[in-house]
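Notes follow the structure.
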Amino acid sequence: MINHILLYKPNIDKLSTKTFILSIKFKYFAYLVVVLCSCYPTPKVQGFDQNQWEKDLVECNNYRTKQGAPLLINQKDVVLGSNQNEIISLLGSPTKQRLDKRNRKFFFYQLNCENTIELSIRFNAIGAAKEIMIVN
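So, in structure tokens, the structure goes:
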């Protein structure tokens with residue numbers, strides 16, 4: 075019995091080895107595609123200061139109301155068509171979000187310290203920005 079075990083050679087099929095190697099390559103390729111597609115460029119709005127935008131709610135300098143929001147509205151062609159991740163990379167996380175009928179989504183950004191004015195960005199069902207406006 076011992077001789078029988080020692081003489082046993084595992085039968086490794088060349089086809090199964092190639093299949094295994096191909097499945098590993100496919101997994102790496104799929105991972106690479108996911109990583110590359112998950113990176114989004116930040117939209118470039120000329121004259122827009124991201125640091126001031128982020129600090130404004132704490133410091134109450136009215137940058138969002140006087141400069142930030144008007145720049146975004148005036149250069150809305152840069153913002154419109156951007157996806158939700160690109161908008162978040164530009165403006166940070168929204169103050170509020172709302173999901174409307176037909177999977178439309180709204181991001182609301184507080185513009186002043188009193189929370190009386192908001193910047194509203196509407197996204198369509200596929201996640202592209204379709205409308206930007208200031209709401210009182």
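Per the working numbering, the sequence shown starts with residue 75, numbered consecutively.
Here a beta-carbon is modelled for each residue, glycine too, at the ideal position from N, C-alpha and C.
Legend entry - Burial state of A211, where buried means 16 or more other Cβ atoms lie within 10 Å: No answer is possible for residue 211: it lies beyond the span of the chain, which begins at 75 and ends at 210.
Expressed to the nearest angstrom, what Euclidean distance is found between the alpha-carbon atoms of I191 and P117? In the sequence shown, residue 191 corresponds to position 117, counting from 1. In the sequence shown, residue 117 corresponds to position 43, counting from 1. I191 and P117: Cα-Cα distance of roughly 23 angstroms.
Q) Measuring CA to CA, which of C134, L146, G201 and G155 is closest to V119? A) Stepping through the sequence shown from its first residue, residue 119 is reached at position 45. Nearest C-alpha to V119: L146.
Pick helix, strand or coil for R196, following the three-state DSSP scheme.
-> Counted from its first residue, the sequence shown places residue 196 at position 122. Here R196 sits in strand by DSSP.
Next on the checklist: Could you compute how far the alpha carbon of L185 sits from the alpha carbon of G121?
Outcome noted: As a working mapping, residue 185 is identified with position 111 in the sequence shown. As a working mapping, residue 121 is identified with position 47 in the sequence shown. Here the alpha carbons of G121 and L185 stand approximately 17 angstroms from one another.
Identify, in the order they occur along the chain, each residue of the same chain with its Cβ nearer than 7 angstroms to the Cβ of L212, setting aside the five sequence neighbours on each side. Outside the modelled stretch of the chain, which goes from 75 to 210, sits residue 212, for which no answer is possible.
> Can you name the residues that DSSP bridges to I147?
Replying inline: Here the question's residue 147 lines up with position 73 in the sequence shown. Paired residues: none, contrary to the question.
| said: Looking at the secondary structure, which residues open and close the beta strand (DSSP E) in which L173 lies? | reply: Residue 173 sits at position 99 when you count from the first residue of the sequence shown. K170 to L173 is the extent of the beta strand (DSSP E) around L173.
- Anticipated Cβ contact below 8 angstroms, I98 with V153, distance rounded: As a working mapping, residue 98 is identified with position 24 in the sequence shown. As a working mapping, residue 153 is identified with position 79 in the sequence shown. Not confirmed; about 42 angstroms, so no contact.
Report the residue from C187, F197 and N189 whose alpha carbon sits nearest the alpha carbon of K175.
-> Mapped onto the sequence shown, residue 175 falls at position 101. Ranking C187, F197 and N189 by Cα distance to K175 puts F197 first.
- Quick one: what's got a C-beta closer than 7 angstroms to F181's C-beta in the same chain, skipping five residues either side? Here residue 181 refers to the residue found at position 107 of the sequence shown. The answer, listed in chain order, is I161, P168, Q171 and I195.
Put Q184 into one of helix, strand or coil per three-state DSSP. Here the question's residue 184 lines up with position 110 in the sequence shown. Three-state DSSP puts Q184 in a strand.
Neighbour-count burial assignment, L173, 16 or more Cβ in a 10 Å radius
Position 99 of the sequence shown holds residue 173. Exposed is the call here.
Quiz prompt | Extent of the continuous alpha helix (DSSP H) run through V161 | solution = Your numbering for residue 161 matches position 87 in the sequence shown. First, the residue type needs correcting, since residue 161 is Ile and not Val in the sequence shown. I161 -> alpha helix (DSSP H) spans Q158 to L165.
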